[in-house]
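Asker:
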Amino acid sequence: MASARPRPLSPHLSIWRWRVHAIVSITHRITGNAMAFAAVPIFVWWLAAAATGEEAYGTFYDLARGPLGYIVAIGFTWSFFQHMGSGLRHLVMDTGAGYEIQTARRSATAVFVFGVVMTLLFWGAIYLTKGFE
Amino acid sequence: MGTGTQLGRVRGLGTAKSGTDHWWKQRITAISNLGLVLWFVISLVRLPDLTYATIVAWLQQPIAAVPLVLMIVSVFYHFRLGSQVLIEDYVHHEGNKVLAVLLLNFFALALGFTAVFSVLKIAFGAV
């Protein structure tokens with residue numbers, strides 16, 4: 000039974016590597032909390048500005064239409080679709096389905112594809128119907 | 000939940016002392032978010048523009064104001080639950096953890112009430 004290398008001992012809490020299932024999981028947490036602590040305050044600023052008056056709204060509107068506004072908006076659009084995709088995956092797995100290694104890996108990859116494709120479709124539709132200012 | 004035996008008092012509650020309540024509400028608000036946030040982003044894109052006059056006119060319709068208030072309640076409840084888990088996972092000191100969750104609740108409530116008040120002010124024609 001001479002082995003080329005020692006057989007791994009299990010469990011190993013400190014020896015592991017990133018796989019797509021782990022990345023989709025931490026991305027769910029990061030996108031969710033980024034939206035909670037950044038997109039939500041921006042959303043409230045937008046609403047409160049509209050409720051305050053035209054001048055306050057104008058301050059928000061001018062900033063939102065600048066390059067920074069587009070970067071933030073596209074970033075949070077991706078966050079939203081990514082979080083929505085991994086959230087739907089959570090709801091399916093809550094039923095006990097999709098835990099086979101192959102299935103879990105495919106669904107995790109599909110979530111990343113979904114997030115990027117939906118963001119491109121969303122902003123592509125805006126660009127084609129209204130154009131970027 | 001029974002009160003008679005020791006087993007009856009703890010059955011179904013688990014270590015969190017509140018059973019599956021947190022988990023279940025996270026799921027309920029996830030599903031309501033799905034419909035309401037999609038409605039919101041599609042509605043914004045379908046508006047001719049996002050100028051002050053357009054937004055105010057849009058929110059003065061009950062068909063826009065009511066779903067937006069529902070979305071605020073659903074989204075803010077959902078992120079309060081989700082961010083609480085983030086705090087519980089990473090803040091290990093008990094006092095700091097309680098303080099952080101308290102601040103999270105204040106944050107969610109203060110911003111949530113500001114958002115709802117703003118929608119209602121516009122909807123009732125007070126701007």
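Keeping their order, the protein sequence lines are chains A and B.
The first sequence begins at 0 in numbering that gives the first Met the number 0 and counts up by one.
The second sequence begins at 0 in numbering that gives the first Met the number 0 and counts up by one.
Just so you know, even glycine gets a beta-carbon here, dropped at the ideal spot from N, CA and C.
1. Quick check on Ala96 (chain A) - is its C-beta less than 8 angstroms from some C-beta in chain B?
2. Looking at chain D, which residues of the region 78 to 93 of chain B have a Cβ within less than 9 angstroms of any of its Cβ atoms?
3. Ile125 (chain A) versus chain B: which residues are under 9 angstroms apart at the beta carbon?
4. Would you call the CB atoms of Phe111 (chain A) and Phe80 (chain A) closer than 8 angstroms?
5. Using beta carbons (cut-off 8 angstroms, strictly below), is Arg88 (chain A) in contact with chain B?
6. Less than 8 angstroms between CB atoms is the rule here; does Ala114 (chain B) satisfy it with respect to chain A?
7. Straight-line CA distance for Ala125 (chain B) to Leu35 (chain B)?
8. Less than 8 angstroms between CB atoms is the rule here; does Lys120 (chain B) satisfy it with respect to chain A?
9. Where does Gly7 (chain B) land, buried or exposed, given buried means 16+ other C-beta within 10 angstroms?
10. Using 8 angstroms for Cβ pairs, my map puts Ala49 (chain A) next to Tyr89 (chain B). What's the rounded Cβ distance?
11. Kindly indicate which residue of B:Arg79, B:Ile121, B:Phe123 and B:Phe112 has the alpha-carbon position closest to the one of Leu102 (chain B).
12. Let me see if you follow: with CB-CB separation under 8 angstroms, is Val43 (chain A) close to chain B or not?
13. For a contact meaning CB atoms closer than 8 angstroms, what does Ala29 (chain B) contact in chain A?
14. Can you give the Cα-Cα distance for Val100 (chain B) and Gln83 (chain B), rounded to whole angstroms?
15. Does the separation of the CB atoms of Leu58 (chain B) and Leu69 (chain B) fall below 8 angstroms?
16. Taking contact to mean at least 3 C-beta pairs separated by less than 8 angstroms, is the region 62 to 78 of chain A in contact with the region 28 to 39 of chain A?
17. Which value, in whole angstroms, describes the spacing of the CA atoms of Val39 (chain A) and Phe75 (chain B)?
18. Which residue comes first and which comes last in the alpha helix (DSSP H) that contains Asp93 (chain A)?
19. Taking Cβ positions only, does Tyr62 (chain A) come closer than 8 angstroms to chain B?
20. Going by the CB atoms, is the gap between Ser42 (chain B) and Ala63 (chain B) shorter than 8 angstroms?
21. Hey, is the region 100 to 111 of chain A in contact with the region 54 to 65 of chain A, meaning 3+ C-beta pairs nearer than 8 angstroms?
22. Is it buried or exposed, Phe123 (chain B), if we count other Cβ atoms within 10 angstroms and call 16 or more buried?
23. Expressed to the nearest angstrom, what Euclidean distance is found between the alpha-carbon atoms of Ser106 (chain A) and Met92 (chain A)?
24. Please determine, among A:Ala21, A:Leu87 and A:Ile29, the residue with the shortest C-alpha to C-alpha distance to Leu85 (chain B).
Answerer: This is what the structure gives:
1. no
2. You won't find chain D in this structure, because its protein chains are A and B.
3. Val44
4. no
5. no
6. yes
7. 25 angstroms
8. yes
9. exposed
10. About 35 angstroms separates the two Cβ atoms, so there is no contact after all.
11. B:Arg79
12. yes
13. Gly86, His89 and Leu90
14. 6 angstroms
15. no
16. yes
17. 8 angstroms
18. Pro66 to Asp93
19. The sequence given here places Leu at residue 62 (chain A); Tyr does not occur at that position. Chain B contact via Cβ: absent.
20. yes
21. no
22. exposed
23. 10 angstroms
24. A:Ile29
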